[in-house]
Amino acid sequence: MGRGCSFLFSRSCSVASVYKGLSANGVFFRPYAGLRFPGTAKARLCRHSSPTLHLQCSTSVSYPERRESIACVPLSERAAEYRSSVKDLLKWREWAQGMAMSVGDKYLLADGGPNSNDLLRELEWMLEDAVSHILSLSMASSSEDYQKPPPKIFQERPCVPLRMQEETTPVLQYRDASEFVKTLKRRGIKGLDVSELQSVVYLRASLEELSNLWVERVHRRRPFQYIVSSAHWRDFVLFVKEGVLIPRPETEQMIDLAQEVINAHPVLSEGVWADLGTGSGALSIGIASILHPQGSVVAVDTSEEALFVASINIQKYGFQDKVKLRKGSWFSPLEDMKGKLAGILSNPPYIPSSHIPALQAEVALYEPRCALDGGEHGIDDLFVICKGATWALQSGGCIILETNGGDQAESVGCFLERMQSAPFCNVELIKDYAGVVRFVRACRK
Numbered sequence: 001m002g003r004g005c006s007f008l009f010s011r012s013c014s015v016a017s018v019y020k021g022l023s024a025n026g027v028f029f030r031p032y033a034g035l036r037f038p039g040t041a042k043a044r045l046c047r048h049s050s051p052t053l054h055l056q057c058s059t060s061v062s063y064p065e066r067r068e069s070i071a072c073v074p075l076s077e078r079a080a081e082y083r084s085s086v087k088d089l090l091k092w093r094e095w096a097q098g099m100a101m102s103v104g105d106k107y108l109l110a111d112g113g114p115n116s117n118d119l120l121r122e123l124e125w126m127l128e129d130a131v132s133h134i135l136s137l138s139m140a141s142s143s144e145d146y147q148k149p150p151p152k153i154f155q156e157r158p159c160v161p162l163r164m165q166e167e168t169t170p171v172l173q174y175r176d177a178s179e180f181v182k183t184l185k186r187r188g189i190k191g192l193d194v195s196e197l198q199s200v201v202y203l204r205a206s207l208e209e210l211s212n213l214w215v216e217r218v219h220r221r222r223p224f225q226y227i228v229s230s231a232h233w234r235d236f237v238l239f240v241k242e243g244v245l246i247p248r249p250e251t252e253q254m255i256d257l258a259q260e261v262i263n264a265h266p267v268l269s270e271g272v273w274a275d276l277g278t279g280s281g282a283l284s285i286g287i288a289s290i291l292h293p294q295g296s297v298v299a300v301d302t303s304e305e306a307l308f309v310a311s312i313n314i315q316k317y318g319f320q321d322k323v324k325l326r327k328g329s330w331f332s333p334l335e336d337m338k339g340k341l342a343g344i345l346s347n348p349p350y351i352p353s354s355h356i357p358a359l360q361a362e363v364a365l366y367e368p369r370c371a372l373d374g375g376e377h378g379i380d381d382l383f384v385i386c387k388g389a390t391w392a393l394q395s396g397g398c399i400i401l402e403t404n405g406g407d408q409a410e411s412v413g414c415f416l417e418r419m420q421s422a423p424f425c426n427v428e429l430i431k432d433y434a435g436v437v438r439f440v441r442a443c444r445k
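In my numbering, the protein residues as written are 1 to 445.
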């Protein structure tokens with residue numbers, strides 16, 4: 001599993017529970033099980049020809065005003081502005097299922113991509129995001145109600161996924177309504193009465209738009225997260241789009257590793273942590289959520305697109321005062337932080353250049369190469385970060401890196417141990433939940 005794994009994540013379980021439980025039989029991750037290219041939470045830092053520490057001027061980035069464009073809002077959080085009948089929704093679902101079934105194992109055999117079962121699961125996730133609620137005719141006094149705007153309760157209520165809502169929320173959404181839909185499906189359209197067929201489904205996207213998105217997913221292999229404009233990561237639902245690498249489940253563990261260090265040395269929770277190559281902002285949000293109120297985060301990226309996406313996610317979860325964005329390459333925006341960082345988190349590009357063409361189409365065709373390519377051996381940026389950490393970390397500060405695993409992780413660990421003047425101690429190689437030696441953690445002396 002890894003950086004090639006672009007679309008099959010558990011949407012409601014923690015990555016730990018998926019790895020330890022469901023992943024054993026390949027329920028969620030099988031399409032990518034053959035790869036050793038683990039995921040990144042980045043969308044950014046292009047590989048540079050020479051691994052020097054300061055490659056461009058640093059620039060502080062202000063949070064922009066939230067754009068109201070639909071393109072910047074996850075499907076699950078859009079207003080329910082469209083309507084359909086249950087009959088039309090069932091017909092659309094049958095059509096979409098047929099398209100998914102036509103794939104068979106073709107993509108899986110070609111490059112480890114999704115098979116029909118994987119796509120069918122994604123279809124249900126897509127409907128969960130797209131369907132706001134179902135209003136039966138018993139709730140609507142006449143056919144005129146079908147033409148009216150959604151009830152006021154739905155207009156005032158934030159459009160957030162069911163999995164993020166309290167169980168007492170008085171709205172019938174797709175996950176609850178799905179049993180109703182499945183019941184209707186088993187009985188068949190001919191077995192339904194008029195009231196059931198004409199029950200009103202409120203949608204966050206029209207059936208036409210959903211059709212276009214599903215064609216892009218199945219036939220053009222556009223990543224599922226780009227289709228629904230969101231990625232589920234830890235307890236967060238992050239906005240993502242083309243130009244920003246999709247956060248992977250493996251990377252979630254880095255926050256747990258940071259928490260272990262903080263538990264052992266609580267003072268680090270009050271310091272400044274750096275997220276080098278923030279991309280979607282996943283690591284910044286994750287570490288900010290566990291720091292002391294006095295603690296803060298500096299999120300660094302070279303990509304303006306990534307910084308914009310990160311800013312949306314950071315503001316969404318209320319961390320704009322705790323996380324500061326800086327534009328630049330690795331440590332170049334942090335020259336004022338010499339010896340001040342309590343911790344460094346980074347999931348840099350680490351796939352060897354020659355391996356990029358062999359990635360799944362979802363990754364190779366759509367995700368930014370500069371967020372994947374780590375140079376000839378995949379270690380160029382990792383070594384740059386290790387060198388920069390020697391002057392950026394305070395005494396006792398911690399660095400946590402994600403790698404391609406295996407030999408690459410060992411190479412990074414050895415590099416830290418053998419650096420001139422031996423600046424690091426307690427160098428650890430740590431397995432991910434799949435048992436792959438994935439992470440390197442060390443402390444500054």
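From the three backbone atoms N, C-alpha and C, an ideal C-beta is built for every residue, glycine too. Every value quoted in this text rests on a predicted model; they were computed, and no experiment measured them.
Secondary structure of His377 (DSSP, three-state): coil. Distance check between Arg78 and each of Asp275, Pro349, Gly243, Leu203 places Leu203 closest, using alpha-carbon atoms only.
If you draw a straight line from the Cα of Arg441 to the Cα of Ala389, it is about 12 Å long. Assignment of Gly388 by DSSP, reduced to helix, strand and coil, places it in the helix class. Leu276 is the residue among Glu128, Leu276, Leu382, His355 whose C-alpha sits nearest the C-alpha of Gly328. Residue environment for Glu250: buried (at least 16 other C-beta atoms within 10 angstroms of its C-beta).
Counting only the Cα atoms, Glu242 lies some 39 Å from Pro423.
Classified as buried, Ser280 has 16 or more neighbouring CB atoms from the shown chains inside 10 Å of its CB.
Ala361 and Arg369 have their C-alpha atoms spaced approximately 12 Å apart. The Cβ atoms of Asp88 and Leu207 sit closer than 8 Å to each other. Contact check for Leu291 against Ser311 fails: the beta carbons are separated by 8 Å or more. Judged by their CB atoms, Leu345 and Gln394 are not nearer to each other than the 8 Å cut-off.
Judged by DSSP in its simplified three-state form, Arg217 adopts helix. Assigned with DSSP and collapsed to three states, Asp432 falls in coil, not helix or strand. DSSP places Tyr366 outside both helix and strand once states are collapsed to three, so it counts as coil.
Here DSSP, grouped into helix, strand and coil, assigns Ala342 to strand. Non-local C-beta neighbours of Tyr107 in its own chain, meaning closer than 6 Å and more than five positions away in sequence, comprise Gly113, Pro114, ordered along the chain.
Scanning its chain for C-beta atoms nearer than 8 Å, with the 5 sequence neighbours on each side dropped, one finds around Leu257 the residues Ile400, Ile430, Phe439, Arg441, in chain order. Under the DSSP definition of a beta bridge, Trp233 partners with Phe236.
Distance from the Cα of Asn347 is smallest, within the candidate group Arg220, Gly397, Met101, Leu382, for Leu382. Segment contact: the stretch 290 to 309 against the stretch 213 to 229, fewer than three CB-CB distances shorter than 8 Å; contact not assigned. DSSP, reduced to helix, strand and coil, places Gly98 within a helical segment of the structure shown. Distances from the CA of Ile351 to each of Gly339, Thr403, Ser85, Tyr82 were compared; the closest alpha carbon is that of Thr403. The continuous alpha helix (DSSP H) containing Tyr107 extends over residues 106 to 111.
One alpha carbon belongs to Ser199, the other to Ser85, and they sit about 6 Å apart.
For Gly286, no beta strand (DSSP E) encloses it; the enclosing alpha helix (DSSP H) starts and ends at 282 to 288. Closest by C-alpha distance to Trp330, out of Tyr433, Leu372, Ala282, Cys386, is Cys386. DSSP lists Phe439 as the bridge partner or partners of Glu402. Only buried fits Trp273, as 16 or more other CB atoms lie within 10 angstroms of its CB. The beta-bridge partner set that DSSP reports for His133 consists of Tyr202. Using a Cβ distance threshold of 8 Å, Ala282 and Lys322 do not count as a contacting pair.
Around the CB of Pro357, fewer than 16 other CB atoms lie within 10 Å, so the residue is classed as exposed.
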